[in-house]
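For the sequence shown, the UniProt record's numbering gives the first residue as 1, with consecutive numbering after it.
Ideal Cβ positions, reconstructed from N, Cα and C, are used throughout, including at glycine.
On a predicted model such as this, the values are computed, not experimentally measured, just so you know.
Let me begin by presenting the structure, written as structure tokens, before commenting on it.
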Amino acid sequence: MPIILICLILIIIFMIYAPPRPLIVIMSKCYPDVLFYMRLPSNLKSIALTIDDFPNVNDLSISFRLLDILRLYNARCTFFTIGSHIGHYEDSPEIQRLFECLIADGHEVGNHGWRDEKAVCLSEDEFQGQIKNTQKIINTYVSCVNKWFRPGSGFFNRRMIRNCIDLDYRLVLGSIYPHDPQIPFPRLNSFFIEHKLYPGAIVILHDRFITIETLERVLPAIQRHD
Numbered sequence: 001m002p003i004i005l006i007c008l009i010l011i012i013i014f015m016i017y018a019p020p021r022p023l024i025v026i027m028s029k030c031y032p033d034v035l036f037y038m039r040l041p042s043n044l045k046s047i048a049l050t051i052d053d054f055p056n057v058n059d060l061s062i063s064f065r066l067l068d069i070l071r072l073y074n075a076r077c078t079f080f081t082i083g084s085h086i087g088h089y090e091d092s093p094e095i096q097r098l099f100e101c102l103i104a105d106g107h108e109v110g111n112h113g114w115r116d117e118k119a120v121c122l123s124e125d126e127f128q129g130q131i132k133n134t135q136k137i138i139n140t141y142v143s144c145v146n147k148w149f150r151p152g153s154g155f156f157n158r159r160m161i162r163n164c165i166d167l168d169y170r171l172v173l174g175s176i177y178p179h180d181p182q183i184p185f186p187r188l189n190s191f192f193i194e195h196k197l198y199p200g201a202i203v204i205l206h207d208r209f210i211t212i213e214t215l216e217r218v219l220p221a222i223q224r225h226d
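Shown next as structure tokens:
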């Protein structure tokens, strides 16, 4: 019995860490208004790269370095932005320059709520207010064409989906997530991403120092895939 229990626990851990594609497809069918991956024509092999918790609240130079690496590989990314992180730098001219570089390089800006917290725990008014306030401060620097929203911690419910639709947003999760905030090892994270890449996949990373090395390792693999 203990062996069976251990095996079940290990299976659950694996399903959380590296959910298989069939499970992601099932989730996508159960929640058609949530974007888990991109459905592409057979002749396209694009992969969507996304970075959460932008801009880095502790060191803005890290965010600039991420842009530098993406520019080096001519790669495009969607940066899911936290409103309070922008507010942290509102008196700094560097935040304006950061967004100017981001837009000039052809990247997109998504909405990641006002604070780094579990959005699923917010009341309906708090949830909608966070989206609106974050969008307002984003619009101070850029005009977003695509209205993507990714909930903090990745948890969601049907009420949140409905609220996003009401606010003209598309709720976005992803399909390849190395859990980089919890597993801060660029070699392991890049290995994980490289071996799970497929056309239409949405990769999730975070605006952290370790992501600099992760991108340096994984971007060549993504380019080979395209």
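| query | result |
| --- | --- |
| Sheet register partners of phenylalanine 80 (DSSP bridge) | Gly110 |
| In DSSP terms, what histidine 206 is bridged to | Asp52 |
| Bridge-paired residues (DSSP) for leucine 35 | Val172 |
| Residue of Arg224, Leu215 and Ile202 minimising C-alpha distance to leucine 40 | Ile202 |
| Residue environment, histidine 107, which counts as buried when at least 16 other CB atoms sit within 10 Å | buried |
| Simplified DSSP assignment, three categories, for phenylalanine 185 | coil |
| Local conformation of phenylalanine 155 per DSSP, three classes | coil |
| Classification of leucine 5 by the beta-carbon crowding that lies within 10 angstroms, buried from 16 upward | exposed |
| Sufficient close CB pairs (3 or more, under 8 Å) joining the segment 81 to 101 to the segment 51 to 59 | yes |
| Own chain partners of valine 142 with C-beta closer than 6 Å, once the 5 adjacent residues on each side are dropped | Phe99, Ile103 and Val109 |
| Cβ pair count under 8 Å reaching 3, the segment 165 to 172 against the segment 20 to 39 | yes |
| Own chain partners of lysine 118 with C-beta closer than 7 Å, once the 5 adjacent residues on each side are dropped | Gly152, Ser153 and Phe155 |
| Segment contact, 8 Å Cβ cut-off, at least three pairs: the segment 215 to 224 with the segment 56 to 74 | yes |
| Tyrosine 89 Cβ short of 7 Å to the ligand COA heavy atom set | The ligand content of the structure shown is nil, which means the ligand COA is not present either. |
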